[in-house]
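Q: Using our numbering, the first residue of the sequence shown is number 50, and each one after it goes up by one. Cβ coordinates follow ideal geometry from the N, Cα and C atoms, glycine included. First the structure, which I've put down as structure tokens, then a few questions once you've had a look.
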Amino acid sequence: MNDALCYLNGEFLPLSEARIPVLDRGFIFGDGIYEVVPVYGRRLFRFDEHIARMGRSLAKLRIANPATREQWLERCRTLVHAQASEDQLLYIQISRGVAPRDHVMPQGLVPTVFMLATTMKPPSAEQRHQGVACVTARDFRWERGDIKSTSLLGNVLARQISADHGCVETILFRDGMLTEASSSNVWVVHEGALLGPPKSEHVLEGIRVELLRELCEDCGIAYNLRPVSEADVRTADEVMLSSATKEVLPVTKIDGEPVGHGALRGKPGPVYGRLYEAYQQAKARMSI
């Protein structure tokens with residue numbers, strides 16, 4: 050990994066040689082944003098949607114986008130083609146830049162831009178066949194979950210809760226209502242319909258939110274973003290996670306209790322199966 054090619058502030062160089070000043074506000078304050086673009090067969094998946102979300106996060110932090118779409122695309126493709134693996138994750142991080150330590154946002158800084166492509170590690174065949182276990186917790190993170198910020202301590206603490214229990218994710222509730230997981234969006238199925246929390250400042254607008262809407266439309270599955278209660282999650286027919294790394298993944302156990310009902314209790318359900326197949330078919334047509 051140390052010899053992997055990365056991009057830092059206008060230069061492609063080995064990762065082992067990349068350096069940033071200690072007064073970079075991304076290091077001092079976590080004052081920056083990031084984006085992760087999946088890569089399948091060396092093609093960028095839903096690139097424009099990821100770059101658009103990155104632009105929205107930058108605008109919310111009052112950081113000017115330091116490159117055009119074409120410049121981002123050229124840099125991404127250079128890094129992707131330097132990697133040995135076909136399927137990758139392309140990481141982009143932008144901080145406000147370097148300045149004397151002060152909480153006030155300085156004006157006129159040059160943003161620090163870092164980019165790196167790594168090999169994708171998808172869920173295992175066993176996880177897809179059997180589903181995964183999750184735990185739940187109160188959503189104790191800050192109020193601006195809609196910003197894909199590098200300030201991820203709350204998410205780190207939340208994810209560690211599930212790691213301590215041998216689970217893959219921590220599903221979070223705020224005032225009794227589902228928000229998301231530590232690094233995933235969460236979905237439930239009731240009576241054949243896929244349900245997820247509505248857009249809000251507490252929930253990151255996952256790229257797969259719109260993608261799953263499109264896939265549900267293709268598959269004839271009802272789709273609705275509405276408030277989802279903790280009771281809705283615990284009584285759901287199916288529960289799923291979605292993210293750049295997980296794609297869509299079935300949850301079959303929550304807090305030690307099987308998900309679902311009847312013969313499918315504790316097993317991946319039919320809605321997941323249809324969405325997973327549709328997702329695989331979408332990879333080629335939605336990549337550039």
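1) To which residues does DSSP link N234 through a beta bridge?
2) What did DSSP end up calling I337 once you bin it into helix, strand or coil?
3) Which class does S198 belong to by DSSP, given the choice of helix, strand or coil?
4) May I have the straight-line CA-CA distance separating R193 from E66, to the nearest angstrom?
5) Going by other Cβ atoms of all chains shown within 10 Å of its Cβ, with 16 needed for buried, is S292 buried or exposed?
6) In whole angstroms, what is the alpha-carbon distance linking L122 and A101?
7) If you run the structure through DSSP and keep just helix, strand and coil, what is S134?
8) Under a Cβ-count criterion, where at least 16 other Cβ atoms within 10 Å of its own Cβ denotes burial, should D151 be classed as buried or exposed?
9) At the level of alpha carbons, what is the spacing between P319 and M164?
10) Could you compute how far the alpha carbon of E254 sits from the alpha carbon of V85?
11) Out of A148, I337, D224, state which residue places its alpha-carbon closest to the alpha-carbon of P70.
12) Here's a check: name, in chain order, each residue in its chain whose Cβ is nearer than 8 Å to the Cβ of G104, leaving out the five neighbours to either side.
13) What is the DSSP secondary structure of H239, reduced to helix, strand or coil?
14) Using the three-state DSSP reduction, which class does P299 fall into: helix, strand or coil?
15) Quick check: what's the CA-CA separation for A333 versus Y89?
16) Looking only at its chain, what residues have a beta carbon closer than 6 Å to the beta carbon of V252, apart from the 5 residues adjacent to it on each side?
17) By the DSSP assignment, the beta strand (DSSP E) with V88 in it spans what residues?
18) With 16 as the cutoff for other CB atoms within 10 Å, does P317 come out buried or exposed?
19) Which term fits D224, buried or exposed, when burial requires 16 or more other beta carbons within 10 angstroms of its beta carbon?
20) Along the chain, where does the alpha helix (DSSP H) containing A166 start, and where does it finish?
21) Which one of E175, S106, V288 has the shortest CA to CA distance from E218?
22) I'd like to know whether the C-beta atoms of A108 and L139 end up nearer to each other than 9 Å.
23) Keeping to the same chain, check which residues put their C-beta closer than 8 Å to that of C265; ignore five residues upstream and five downstream.
24) Work out the CA separation of L290 and S233 for me, nearest whole Å.
25) Flag this pair as yes or no: are the beta carbons of V184 and I220 separated by less than 9 Å?
26) May I have the straight-line CA-CA distance separating L298 from R283, to the nearest angstrom?
27) Assign E250 to one of three DSSP states: helix, strand, or coil.
A: To lay it out plainly:
1) S291, per the DSSP bridge assignment.
2) coil
3) strand
4) Computed Cα separation, rounded: 34 Å.
5) buried
6) So the two alpha carbons sit approximately 12 Å from each other.
7) In the structure shown, S134 sits in coil (DSSP, three-state: anything other than H, G, I, E or B).
8) Result: exposed.
9) In a straight line, the C-alpha of P319 is about 38 Å away from that of M164.
10) 13 Å
11) A148
12) N114
13) Looking at H239 - three-state DSSP - the assignment turns out to be strand.
14) When DSSP states are grouped into helix, strand and coil, P299 belongs to the strand group.
15) 8 Å
16) G194, T228, E229, P246
17) 81-89
18) buried
19) exposed
20) That residue, A166, is in no alpha helix (DSSP H); its beta strand (DSSP E) goes 161-168.
21) Measuring from the Cα of E218, the nearest candidate turns out to be V288.
22) no
23) L243, A271, Y272, L324
24) If you take the alpha carbons of S233 and L290, they lie about 6 Å apart.
25) yes
26) Whole-angstrom Cα-Cα distance: 17 Å.
27) coil
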